[in-house]
Amino acid sequence: MSATSNEIDDFAMEQTTLANKISHLEKEIQVEIFTKLKANELAKLGKKKQKVDAESIIHESDQKIIFLAEELLKYLPRYRILNNKFSEQALKRNEISNLENPAKFTPDYEKNTLELYQMKKRVSQLPVRDVSVQNSNHRESKKFSMNMIKNLLPTHHDHEKFDSTDRENQFKADQLEMTKLTNLLKETEQHLNESVIKHSKIQAELELEIKQQREHILAQQQYLYQQRLQIKELSSNTNKPSLSASDSNSSGNFAKEKYTSDLKSQIEILNKSLESCQQELLEKNRNLENLQKENDKLISVQKQGSVFNYEHVFHDRSVILNAPAVEDVHLQEKMEKDHSLIQDLLKSVQNHEYETDILKKDLKEKDFQLSELKKKLNSCFKPEVVQSIKNEHESEVIFWRNALENAKTDLESCENVTKESEEKIKKLEKTIEQLHYTIQSREDELYANGNKLKTFIEKNNSLTEDLRRASEQRGTDIQSYEERVNLLMIDLETKNREISTLNSKISRLSGLIESEASDKLSLESKLNSLKRTSEFRDNELLSLNLEVISLKKEKAALLLECNNPDKKYTKIAEEVRDVGSAEEQYPNCEILQKKISEMETEIYQSHNTLKEKDQAICELMKKIEITSEEAKVSSSELAFEREFNSKLRNAEKTLESKENVLQLREQEMENLKQILNATQLKLKKTEDDNKNRVHVLESMIDFAKENLSKKDQNVSNIQKALDEVVTSLKASKEELEDIRVTLSEKLEELAELKIKYNSKADELQILSESHSTTADNVAILEQKIIDLDNEIFTLKEEMTQNINENYSVISELKNKLEYAETELESKKSLNLAEFEKMKAEHDSSISLSLHLEAKVTERDKIISNLKNELMMLNNARDFEVQELEKKKEVVDRELTNSKLFINQRSKEVDDVLFERDSLLVQLKENSSIIFDLGLKLKEKEELFITLQDDFKKSKMLLEEKVDLFLREKSDLQERYNALNLHVEALKSSEESYRAENEELKVNLQSLKEEIDTLRKHLLDKESFTQERAETSTKLKENSRENETRVKDLENQIAHLEEEIGNLIMKNLNLNQSYSDLELSCLKQKRHYEDIIKQKEKSAEGSTGWW
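Position 1029 (the sequence shown) corresponds to 1843 in my numbering; numbering is contiguous.
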């Protein structure tokens, strides 16, 4: 039972991976649909460029949806097969443990549904302000995701057998599912169109809000502009006395003009207060006029009322004389009402008179306040008050300017964000068009894959027919085997003669077995695998018997349930709670009856085959008993032949593997030879280069020494000349009286000195030319360094090529192993007997692969060692190059310093000559000038001393550089010796490889002679294996293409998810910026209101004090 549990675990792992892939593809389809709908909205509402981009994105998204649907159809049949197998194995396991409660397999879809729901949440979480719209989107997306899951994923009643005959029906069912998927896609498009329209409305509202905020900011700017204009008008309309006072102050006109511009806010407030007072006065006057009019009306009414009442009374009296008593009551009521109205009117007149008195008093107070305000206006033009008002106004202006600048920056940031979002939307539209295009191409590929599936099904059917024919041939082979046994009885005498030849062959084979002790381990592993397979078969027989017993019990239980339907319906109701519906699981018990009948037929066939085999074995045993010892000899010979054939096959495989290994080793040896030759050539080049460098450095050192000696000679000559000049000057000082006589002699001496200086100037030019030659040498060194860099680069490229070749060899071996594994899996699905054979071959291939992997690891170690050595060499080269570059930099610095030094010294020499000429002229003119020249010559002597010291220091530096060059030469020689040792070690390893290759070649030649005899038996099997290999290679190519497509789609989805997240974050940032702008506007309003309140309080305080 352990084997069955392992198979169930394998099926479960495959099923979980396929379920994850299916859910991932569903998510990708939904995302593509969402992008398509967004692009449709842009195509309807956007501009021309946006429409073009949206159409391209729609085209691309359609193509991607078709491709993803094709991949879903590829995974679904395999997923159903796994569900069927897993359900059967689980039922078997649970039926053995609990016969009363059969197990129900429910795959774990909850994780996939949760992931899909989270994906829909991410897509639907856009910056929506309407809570009702957001909740409706969330509910609709949830419904959509659940419908997609129910329609796409397989149900519980799909756990049926998937035979080879039902594959065409399954293909038709897949096509129907494809149509369902297209209908679902259309529904989702409609649903997402609605959500997109809602989102567009929300976006329009946001755009309106942005426009309103911009208009508000423009209004604020206009308001500030108007305030500035009012301030200018007020500054122009200020009173003339203040200007005259400013004119009285000397140089104060500009100051007063500034004060008037600064007083604008205070003047505005005072003007507003004056206007408010005037408006109040006008309102009071209007109220007084209205009250007077009402008084006039009341007086007129009173007069009319009194006349009316008297006339009415006289009229009523005349009526009362003739009328009854009831009319008298009505007349009395009317009189009382008129009297009350008159009293009310009189009260109102009194109140209006009182109010008029109060208003007159208020008018007087307001006039007094106006006079005081005029006085304050005049007093406001004082310098102290003006400065205070100026400071307040400047602070307010600075505040408003800062607020405007902040608002401008916020608007610019918002506009930049909107531009970025628009660009990203355009990019997404382009991607959607590309997806449409890919979907169309994938539809074409889907039809092509359908045709390929049909051809593949036909091939599988042909293979099954071939297997049936092979089984029939095996029956005929058994009959022929019986005939051969009879013939063997006749041919015993001839076989005895052949036994002697076989013994000689055995002696040869024993030698081969001793030489190939390693191959015995593989044979032992195969024997162990065969034992395991026999145990596995025994376990399967036991499990089949147990299944038969359990099925019989189930049959009996079902018969009882059919007889008494009440119990049946109660059991079905209990099972409905666990699974879902009894109709899907047990439709009239037909499925179980079919399974039972199929299992019974299989068991009956297996029993018949076992009986036939037992009969054949009994007949053979009888014949063997008759023949006794002769039959024993023949059976031993047959067993020996079988073992001999198996050993020959194994030997062929081992020889093939060894041939491959030898070929690989020969290739490696050739590569190593090439590397060694390249390294030797490079070492020779480096040796020559190093020698050339040493010669160049030595020549440079000699040249530097020569330059130093020349400079020393120049210094000595200059010193001698200076000594002569000093002695001549001393003589001139002592013999000032004989100056006129000695002037001619000294002129001649100075002429000689000029000649000497000219010669020294020529020497300086020679030095400069030598300096240019050193610069040329430096350029040559730079070129050599560049050549070395190029050589290092070529070495690195060769190393990478070698490494890539080694990796290609390893990848080929891995591909072979994968190819063997795929063949095993395909044969496992075709027939169990072939599966067992392939399993045995797989074990042998694993042992060979382990052997090869061990050799590969050894080669990897050798390669890694070579890599490390090459890395060491490259590092040493890099270090040498760095040191040479540093030396080059030092030499360049020294050359520049020497150039500067020579230029300075040449300038100084020119200056000295110029001074000498001037001194000669001055000597002719005056003897006192000669005395001054003597002092200057002393100063020049000191300068020459300093020059001499500088020359000595430069000489010391050059000697130190020579020592450094010699040390570097010794280091290079040591490295060269180390490289020679490394080359010798590589040569020794090459000799060892050659010895191993020769041994392997000897073994190959001995084995190839025996393989030629055995290849004839393998020709029949090679044709069969080639067909299998072709089918497996095609399946591999399809799987690789699918994997590459899945990876590309995953990368695209990740990129789109990142872009969507960035857009969401940017929308949030926009909302935050809008809220910040609103807060800033509110702060500005509050600040402005506080300023107005403060001004009002100051105005009220001033009036209250007065």
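Glycine is no exception: its CB is placed at the ideal position from the N, C-alpha and C atoms. Keep in mind it's a predicted model, so treat the numbers as computed, not measured.
When the five nearest sequence neighbours on each side are left out, the beta carbons in the same chain lying within less than 8 Å of the beta carbon of histidine 1901 are those of Phe1213, in order along the chain. A residue is called buried once 16 or more other Cβ atoms fall within 10 Å of its Cβ, and arginine 894 is buried on that count.
Checking the DSSP bridge columns, you'll see glutamate 1206 has no partner listed.
By DSSP's assignment, glutamate 1247 forms a beta bridge with Ile871. Comparing C-alpha distances from isoleucine 847 to each of Leu832, Thr1710, Lys878 shows the shortest one belongs to Lys878.
Within the model, the alpha-carbon separation for serine 1209 versus glutamate 1234 is close to 38 Å.
Between alanine 857 and lysine 850, the CB-CB gap reaches or exceeds 8 Å. Distance check between leucine 1761 and each of Phe1728, Gln1718, Ile843, Glu828 places Gln1718 closest, using alpha-carbon atoms only.
Beyond the five residues adjoining it in sequence on each side, leucine 832 comes within less than 6 Å, by CB distance, of Tyr889, Tyr893 in the same chain, given in chain order. The beta-carbon distance between aspartate 1862 and lysine 1244, rounded to whole angstroms, is 17 Å. This is too long to meet the 8 Å contact definition. In this structure, glutamate 1844 lies away from tyrosine 1251, with their beta-carbon atoms at least 8 Å apart.
Here leucine 896 has Phe825, Glu828, Gln829, Leu832 as same chain residues with Cβ atoms under 8 Å from its own Cβ, once five neighbours each way along the sequence are excluded.
Around the Cβ of valine 1816, a 10 Å sphere holds fewer than 16 other Cβ atoms; the residue is exposed. Under the criterion of beta carbons closer than 8 Å, glutamate 840 and glutamate 1247 do not qualify as touching, at roughly 23 Å. The region 821-848 is shown to contain no whole beta strand (DSSP E) run of 3 or more residues.
In this structure, isoleucine 871 places its C-beta atom within 8 Å of the C-beta atom of alanine 853. Straight-line measurement puts the Cα of lysine 863 at about 29 Å from the Cα of glutamate 1029. Straight-line measurement puts the Cα of proline 891 at about 11 Å from the Cα of asparagine 983. Taking 8 Å as the cut-off, the beta carbon of glutamine 1254 is found closer than this to the beta carbon of isoleucine 880. Between the C-alpha atoms of glutamate 1206 and lysine 1175 there is a straight-line separation of about 36 Å. When Ile1905, Lys1907, Glu1872 are compared, the shortest CA-CA separation from valine 845 is found for Glu1872. In summary, aspartate 876 is buried, with 16 or more beta-carbon neighbours lying within 10 Å of its beta-carbon over all protein chains present.
Glutamine 1527 has its alpha-carbon roughly 32 Å from the corresponding atom of asparagine 1506.
With fewer than 16 other Cβ atoms inside 10 Å of its own Cβ, glutamine 1004 counts as exposed. C-alpha of aspartate 1692 to C-alpha of leucine 1698: approximately 10 Å in a straight line. Residue burial is scored here from C-beta neighbours: glutamine 1696 has fewer than 16 other C-beta atoms within 10 angstroms and is therefore classed as exposed. In summary, isoleucine 1011 is exposed, with fewer than 16 beta-carbon neighbours lying within 10 Å of its beta-carbon over all protein chains present.
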